[in-house]
Amino acid sequence: MFQTELTNAMSSMGWSLTAIQIQQFCQFQDMLLETNKVMNLTAITEPSEVAVKHMADSVSCYDAAYFAPHARVLDLGTGAGFPGLPLLIYRPDLQMTFFDSLQKRLRFIQQVLTQLELQADCLHGRAEEMAHQEAYREQFDIVTSRAVARLPILAEWALPYVKKNGFFISLKGAQYEEEIKESRHALNILGAVIEEVRPIALPGLADKRAVIYIRKVAASPKKYPRKPKMAAKNPL
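First residue of the sequence shown? That's -17 in our numbering, and the numbers climb one at a time after it.
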């Protein structure tokens, strides 16, 4: 069921998978659902839905025009590894860092990486704190994020990690148009512009969603990101 739905979904969206990639996606799905029995990783547990709503949805943000060979990618608020793990399966050359505030999620991701024989780093911490460290500030070609927060707040957390001329790639649901309007001022302050908004249609689903590609054009002011309560109470 999962493998068929996965290959059909990927094919309908214009992507083909190798036999090894199909095997890796299947292994990831098995580990996700098995671990989910004892750890809250996902509310989506039907294999056919995992194939479309997690795997295909994650890869929907991929475009070779944005993901250069060996690009350094930070998957912010990765959770169970979305969109980072599907992207890494599809493009194993990416220098991926999985970033989350919960260590147990990162331990799960490390187990998946080991099982799938993929190389990546895992970073434990809070986005608003690690962005002020020189080792991470404006060090990534791409920052990805999926379903973490509304775009004005999420941009404040993500853009300080992005290099100049790099991209923040946000996977958004039905309210993406409203969130884009809300974020215009924040993006201007943070040194970024929207490069492209790409509506996404997942196979068998009628709900609206889009991938927003945001280019970093100038350094983000050093005071950002602020603490979460301040950012939420007074969004940019």
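Backbone N, C-alpha and C fix where the C-beta goes; we use that ideal spot for every residue, glycine too.
Local Cβ density within 10 Å of residue i, reported as buried at 16 or more and exposed below that
{"i": "Ser(-2)", "result": "exposed"}
{"i": "Thr0", "result": "exposed"}
{"i": "Ser(-7)", "result": "exposed"}
{"i": "Met(-17)", "result": "exposed"}
{"i": "Lys211", "result": "exposed"}
{"i": "Ile2", "result": "exposed"}
{"i": "Lys215", "result": "exposed"}
{"i": "Lys35", "result": "buried"}
{"i": "Glu111", "result": "exposed"}
{"i": "Gln97", "result": "exposed"}
{"i": "Glu(-13)", "result": "buried"}
{"i": "Pro181", "result": "exposed"}
{"i": "Leu88", "result": "buried"}
{"i": "Glu160", "result": "exposed"}
{"i": "Thr27", "result": "exposed"}
{"i": "Leu169", "result": "buried"}
{"i": "Ala117", "result": "exposed"}
7 Å Cβ cutoff, residue i in contact with chain C
{"i": "Leu76", "result": "Checking the listed chains, one finds no chain C in this structure; it contains a single protein chain."}
Which listed residue (the options) has its alpha carbon closest to that of residue i
{"i": "Arg197", "options": "Leu95, Ile176, Asn216", "result": "Ile176"}
{"i": "Ala213", "options": "Ser165, Ala192, Glu16", "result": "Ser165"}
{"i": "Val94", "options": "Asp82, Arg180, Leu14", "result": "Leu14"}
{"i": "Gln77", "options": "Pro185, Gln101, Gln11, Ala62", "result": "Gln101"}
{"i": "Ala33", "options": "Arg180, Asp75, Pro68", "result": "Pro68"}
{"i": "Trp139", "options": "Asn147, Glu120, Gly155", "result": "Glu120"}
{"i": "Phe150", "options": "Glu178, Glu160, Ala156", "result": "Glu178"}
{"i": "Gln9", "options": "Ile91, Gln157, Phe80, Pro207", "result": "Ile91"}
{"i": "Val193", "options": "Ala156, Gln115, Thr(-11)", "result": "Ala156"}
{"i": "Glu31", "options": "Gln6, Asn(-10), Asp82, Ile135", "result": "Asn(-10)"}
{"i": "Asp103", "options": "Gly173, Ala183, Val41, Asp57", "result": "Asp57"}
{"i": "Ala200", "options": "Leu172, Phe7, Asp189, Pro185", "result": "Leu172"}
{"i": "Gln5", "options": "Phe80, His52, Gln(-15)", "result": "Gln(-15)"}
Per DSSP, the bridge partner or partners of residue i
{"i": "Arg180", "result": "Val193"}
{"i": "His106", "result": "Asp82"}
{"i": "Val175", "result": "Arg197"}
Residue i, enclosing alpha helix (DSSP H) - first and last residue
{"i": "Val125", "result": "First-last for Val125: 122 to 128, but that is the beta strand (DSSP E), not the alpha helix (DSSP H)."}
{"i": "Arg119", "result": "Run containing Arg119: none; DSSP gives neither H nor E here."}
{"i": "His114", "result": "Segment: none, His114 is in no alpha helix (DSSP H) and carries neither H nor E."}
{"i": "Met21", "result": "No alpha helix (DSSP H) contains Met21, which DSSP labels as neither H nor E."}
{"i": "Trp(-3)", "result": "Per DSSP, Trp(-3) belongs to no alpha helix (DSSP H) and is neither H nor E."}
{"i": "Lys211", "result": "210 to 215"}
{"i": "Pro134", "result": "133 to 140"}
Delimiting residues of the beta strand (DSSP E) encompassing residue i
{"i": "Val144", "result": "144 to 154"}
{"i": "Arg54", "result": "54 to 58"}
Please list the segments of the beta strand (DSSP E) lying wholly inside the stretch 23 to 77, counting only runs of 3 or more residues, in order along the chain.
Whole beta strand (DSSP E) segments, 3+ residues: 54 to 58.
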